[in-house]
Amino acid sequence: MKRWLAAAILGLSLAGVAHAAIDTYQFANDADRERFHQLTKELRCPKCQNQDIADSNAPIAADLRREIFRMLGEGKDNQQIVDFMVDRYGDFVRYKPALNSRTWLLWFGPAGLLLGGLVVIAVIVRRRRSQRAEGVTELSEAERQRLAQLLDKDQTHD
Numbered sequence: 002m003k004r005w006l007a008a009a010i011l012g013l014s015l016a017g018v019a020h021a022a023i024d025t026y027q028f029a030n031d032a033d034r035e036r037f038h039q040l041t042k043e044l045r046c047p048k049c050q051n052q053d054i055a056d057s058n059a060p061i062a063a064d065l066r067r068e069i070f071r072m073l074g075e076g077k078d079n080q081q082i083v084d085f086m087v088d089r090y091g092d093f094v095r096y097k098p099a100l101n102s103r104t105w106l107l108w109f110g111p112a113g114l115l116l117g118g119l120v121v122i123a124v125i126v127r128r129r130r131s132q133r134a135e136g137v138t139e140l141s142e143a144e145r146q147r148l149a150q151l152l153d154k155d156q157t158h159d
């Protein structure tokens, strides 16, 4: 009885996987197939956000794949297809956004933050060094003799 129950549970759990949709497209040539795969790997799924549309199972990713296939059939080049997607979904849809006035912060922001952090660390280190240097003064001859006497007294009591 336990075996039948386990088999039924396994069968039901695999039933969802068996109904997964698989996109099948008929391309005119291998070059179009390669362009399709390149474009679907290059564009990000708007819903999944960290997955390309080739690997995403989201309905919008399937729509985007169909749209790319349709545009390839119309003879559009890769740049026209990418421009269409960017116009519709914004620069976010590209894994590698173009360098322009709207994306310069995305490209140079991390380097700017790193340099800013290094400058802050350098300023802190310099201030601490200068504070230490100001606090250290040379002992006069009288102070040295007094220190020597105190150290001698301390050693005789040990």
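Just so you know, the sequence shown maps onto residues 2 to 159 in my numbering. Where is the CB? At the ideal position from N, CA and C, for every residue including glycine.
When rounded, the separation of the alpha-carbon atoms in ARG128 and ALA112 is 24 Å. In this structure the segment 100–111 does not touch the segment 72–86; the number of beta carbon pairs closer than 8 Å is below three.
In the DSSP assignment, ARG45 is bridged to ASP53. By the 16-neighbour rule on beta-carbons within 10 angstroms, THR41 is buried. Counting only runs that start and end inside the segment 57–87, the alpha helix (DSSP H) elements of at least 4 residues fall at 60–74.
Between PHE70 and the set GLN39, LEU148, PHE93, the nearest pair of CA atoms involves GLN39. A residue is called buried when at least 16 other Cβ atoms come within 10 angstroms of its Cβ; PHE37 meets this threshold and is buried.
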